[in-house]
Every structure is written in C-alpha cells, then in structure tokens.
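Let me begin by presenting the structure, written as structure tokens, before commenting on it.
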Amino acid sequence: ELDKAVFSRASSLYLPEATLHMLPLPLGTEIYSLKAGGSRPALVLNLELNPEGDMESMDFSLADITVAANLSYEDCEAALADAASPSAEKIRDYLPMLKTAGELAEKLKLRRLKNGAVIIERNDPEIILRGEGADTVVEMLPAPKDAPAQGIVSEFMLLANTLAADWAAQRGVPLIHRTQDVAVPPEYYGVWKEPHDIARVVKALPQAALSVPPRPHVGVGSQAYATISSPLRRYCDLINEAQILAFLRTGAPAYDKSELIRLVDQLSARLDAVSQVQRFRPRYWKLLYLRQQGDKVWHEAVITDETDTTVFLSLPLVQILLRGKRSLFDDRTEPGRRCLVRVGKINPVSNDIQILETRCSEDLE
C-alpha cells in the first residue's frame, strides 16, 4: 500500500504555496533525510578523481553515516563570494572544502561541454506569497545570476547519475534512464542563458524521456544517464537505488529488464501529470503577479522568435513567454532585441494574457 501511494505521486512537488512530498514525512524528512547529527543509512558513492576531474576509480557501498553539518545555499553563496562575510565566519570550517568543490564543479562542467553538452541556464525568480485566499499578494524576487554553491550540487549530482549508469551497464543491472537522444549540430553545444538563444536551442531538443535501455542524454553530455541522487523525492531514483542495493546485497537486481519496462510505461504517464502541475502552477502565480501590477506598468522583454503574423517574447524577470500580433511592433523584430511591453486582460485560471502595447525604440538597446 505504501508503494502504491508513493508510485501514484511519482515525485515531490515544489510549489510556491506548498511542498508536497513523495514519501510520508516521517520517512522523507526524518528517518532517511540527511540531517546533521545522528546515524543515517546511505548508499555511498566512493569516487576518486585526478586533478583534471577524470575518474580514477569508483564503486558503491552501504554504510551508516553521520552528516557533520547542513549548510544553507545562502550562507555558502555569500561565503564563496566574500571570504570576509559573516556567512563565511558561520561556515569557516567548511569553506576550504567548498572552494575545492567549486573548482572541481567547474572542471566537471567543462568536461561535459567537451562531450557536447547543451546546457540551458534559466534564472527562475523566487515566488513569495503573502496573505491567504483572495487577499494573496504575489512578490517576485530575481534569481541570483551567479550561484556557485548550487552549481556544485548540480555538477556532483550529474556526475553521480552518469557514473551510476556506467556502473550498472558494466554489471548488467537494468536501470531507468533519462534520455534526450538527438543529434544536434556542434554550434548548439555550450551554455545558453539569453532568452532568444534558449528559444532557438530548445526547438532542436526533444523532451527528456524515460528508457530502460541506456541512450545518450545530450543536455547532460553523457552516453547514459540514470538518476539515483534523489530517492526521497523521485520514484525513478528510488527504483534505481533499489536495483543497486539489491545487487550489492545479493548479486542480482530487484527487477529484471522486462519488469522495469512495464513499470516505465505506467510511470511515464504519472510523471507527465506531475510535470504539468510543476510547470503550470508557478505560471498561475506569475500571471496573478502581472495582473496585480496593473496594465499601466511597463515590463522588460526580449524578442525570442517571429513568424509572418506573430512575435514571441520572454519576460526575463518572471520567466514566462508571451506572443503578440506583429502589428504591435515596428519593423525590427529580430530575436534578441529588447523592448518594453504592457500586458493586460489577464486570467490566471484560464492562462490568458495579452500584450497591449510595446516600445522597441533604439534607446532601449
């Protein structure tokens, strides 16, 4: 019954109004959470890298571990930016380790880029809700443009997931892989941050999909990628960890390939539903924010694409895409051009929003 309930959720949901955990709270936030102090059961990736970030050796083991400290992103970001900051003093015992981790993360990222990774970096804002019900007021805080601590976590997770796929393939252990198997031209390789560049690159990339047979993931820059790093919040990771744990204990995986394929067929539909909520619920609050700003406010925008009849724009602050009639713009509508827009007739429930007026004069460039 527990497995059915967890499977039906498929993933934790992180929404502006609430966090909905995949696992029951006593498990996901207590018994198995890596809180500082106290013994915790863990699947440990033992990894040795050379100074260039290339793998020398790796293996998995089971262990009871104790986390020395839980460090916040905010303190780590501040400390990495300024070693004399109060945050650096709070975490001074770990700052040398963080700096080394940051250097390694940069090397890992460069290695992925050499392997043809297509990396899209969006700065999603923090959505803050104040009040309740009809009186809720939405605030938007811009995301930091440089977040080295988050980059450390991201690169280490990508590395663990890539190595898990390699480890399993060498031992004949079937896993659930995430794939983005498409050939893209070399000019698409790299890191993309500007809205018009992201729009262009995304057109060439399919949505990542689940697959039991290992296939490439162009976004990661890996020939195989199987997520194991978040078993408390993603069902795929939970199953992959179960496969590795069973192999370490008994020499055989918990599920054979055919069983995993049947599971993936059912799980994909659940994850699609979760993904829709994760995408559209924040958009609801973003639209409500724009409506609360009023239709007299001018918002910064970047043109991302155009057709004969339509111009597409991105609002960088709120990270949403809009479309408007070409008649609202002057003759210069090339991607990358910056402008100001007024929006109105917003209905967050029906996902409706219209561009009322634009300003794309030379003085905005």
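Here my numbering is used: the first residue of the sequence shown is 32, the next is one more, and so on. The beta carbon of each residue, even a glycine, is placed where N, CA and C say it ideally should be.
Identity of the residue in the options nearest residue i by Cα
| i | options | result |
| --- | --- | --- |
| S92 | V149, E163, L76 | L76 |
| T335 | Q324, I351, L298, W329 | I351 |
| V333 | V169, T340, V233, P347 | P347 |
| A148 | C370, V215, P205, P127 | V215 |
| V98 | I150, D90, P72, S253 | P72 |
| V243 | N271, K224, S261, D155 | N271 |
| G133 | Q323, S185, D90 | S185 |
| L144 | I292, N378, G250 | G250 |
| L344 | W316, I377, C391, M128 | C391 |
| I324 | E218, E170, K35 | It is worth fixing the name first, because residue 324 is Gln in this sequence and not Ile. Ranking the options by Cα distance to Q324, first place goes to E170. |
| I151 | R280, V305, V233 | V233 |
| L111 | D95, A94, T131, F311 | T131 |
| Y220 | L135, T50, R142 | R142 |
| S42 | E48, N146, P55 | P55 |
| P47 | W316, Q297, L236 | W316 |
| S39 | V328, V305, G84 | V305 |
| D362 | V380, L298, E337, L353 | E337 |
| E105 | I96, A94, K121 | K121 |
Assigned secondary structure, residue i (DSSP; H/G/I helix, E/B strand, else coil)
| i | result |
| --- | --- |
| H227 | helix |
| S88 | strand |
| K376 | strand |
| R363 | coil |
| T258 | coil |
| S116 | coil |
| E272 | helix |
| S299 | helix |
| R265 | strand |
| H337 | Per the sequence shown, residue 337 should be read as Glu rather than His. In the structure shown, E337 sits in a strand (DSSP, three-state: E or B). |
| F38 | helix |
| L141 | helix |
| L321 | helix |
| P284 | coil |
| S103 | coil |
| I62 | helix |
| V29 | Residue 29 is absent from the model: the chain starts at 32 and stops at 396. |
| V233 | helix |
| D197 | helix |
| E32 | coil |
| V184 | helix |
| P175 | coil |
| V122 | The question names Val, yet the displayed sequence has Ile at residue 122. I122 falls in the coil class under three-state DSSP. |
| K130 | helix |
| A214 | coil |
| P313 | helix |
Anticipated Cβ contact below 8 Å, residue i with residue j, distance rounded
| i | j | result |
| --- | --- | --- |
| E79 | S70 | No, E79 and S70 are not in contact; Cβ-Cβ is about 25 Å, not under 8 Å. |
| L139 | L276 | Incorrect: roughly 26 Å between the Cβ atoms, too far for contact. |
| A196 | P245 | 6 Å |
| A239 | Q211 | 5 Å |
| P284 | V213 | Actually they are not in contact, since the Cβ atoms of P284 and V213 sit about 29 Å apart, beyond 8 Å. |
| E108 | P179 | 7 Å |
| L387 | V374 | 6 Å |
| M188 | S253 | Rounded, the Cβ-Cβ distance is 12 Å, inconsistent with contact. |
| L129 | A114 | In fact, because the Cβ distance is near 10 Å, the residues do not count as touching under 8 Å. |
| D319 | I384 | Note on identity: in this sequence residue 319 is Leu, with Asp being the wrong assignment. The Cβ separation is near 11 Å, so there is no contact. |
One or two residues paired with residue i in a DSSP bridge
| i | result |
| --- | --- |
| V168 | R161 |
| Q385 | G375 |
| C370 | A332 |
| L353 | L344 |
| S242 | H208 |
| A94 | A73 |
| Y45 | T50 |
| L80 | M86 |
| A67 | V98 |
| I150 | V222 |
| R390 | L371 |
| S253 | H248 |
Neighbourhood of residue i by C-beta, 7 Å cutoff - its chain only, sequence neighbours within 5 removed
| i | result |
| --- | --- |
| Q309 | L44 |
| T258 | N192, R209, R265, C267, D268, N271 |
| H227 | V333, I334, T335, P366, G367 |
| I81 | It should be noted that the sequence gives Asn, not Ile, for residue 81. The answer, listed in chain order, is E87. |
| G162 | V168 |
| P156 | M171, L172, P173, A174, L348, V349, Q350 |
| P237 | Q211, V213 |
Beta-carbon proximity list for residue i, same chain, < 6 Å, skipping 5 on both sides
| i | result |
| --- | --- |
| A199 | L206 |
| H330 | L346, V372 |
| A100 | A67 |
| G59 | H52, L263 |
| A136 | G182, I183, E186 |
| I229 | I151, W223 |
Nonlocal neighbours in the same chain, by C-beta distance under 8 Å from residue i, ignoring five residues either side
| i | result |
| --- | --- |
| D339 | R357 |
| E396 | Unreliable positioning characterises E396 in this predicted model, as indicated by a pLDDT of 48, which lies under 50. The coordinate reading is nonetheless provided below. So the qualifying residues of the chain are R368, R369. |
| E32 | none |
| V37 | M53, L54, Y266, L269 |
| A255 | T193, A196, D197, A200, H208, P245, R246, P247, H248 |
is_contact[residue i, chain D] using C-beta, thresh 8 Å
| i | result |
| --- | --- |
| A195 | Note that chain D does not occur in the displayed structure, where there is just one protein chain. |
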